[in-house]
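All residue numbers for the sequence shown refer to the working numbering, where the first residue is 20 and numbers rise by one. The block underneath contains the structure these notes are about, expressed in structure tokens.
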Amino acid sequence: MAIKTEDYIKYLTEKVVAYMDLPPEVRKEQRSLHRSVRDPWHVRWFGLVPLSVAMWWRQRKRKKEHPSP
């Protein structure tokens, strides 16, 4: 089910107008809230690969510090 071009433009226009009608303080607060919820840059750019490498590296260091008998 595709959206027709006219309907899409109407939807975007409504969103932009609703955003512009908000007071600047509210817009600023929404932006700062969105930034605080965002994932770290390395996760956004590279996905879960950096996280998995970091977990592997920490596990490796722990095994070196406390070798099992």
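Here a beta-carbon is modelled for each residue, glycine too, at the ideal position from N, C-alpha and C. Every value quoted in this text rests on a predicted model; they were computed, and no experiment measured them.
request  = Give the secondary structure of Leu70 by DSSP, where H, G and I count as helix, E and B as strand, and everything else as coil.
outcome  = Correct three-state label for Leu70: helix.
query = Which same chain residues, not among the five before or five after Pro69, have their C-beta less than 6 Å away from its C-beta?
reply = His61
Helix, strand or coil at Leu41 according to DSSP, with G and I counted as helix = Of the three classes helix, strand and coil, the one that applies to Leu41 here is coil, per DSSP.
task = Along the alpha helix (DSSP H) that carries Arg63, what are the first and last residues, could you check?
result = From DSSP, the alpha helix (DSSP H) with Arg63 extends over Trp60 to Phe65.
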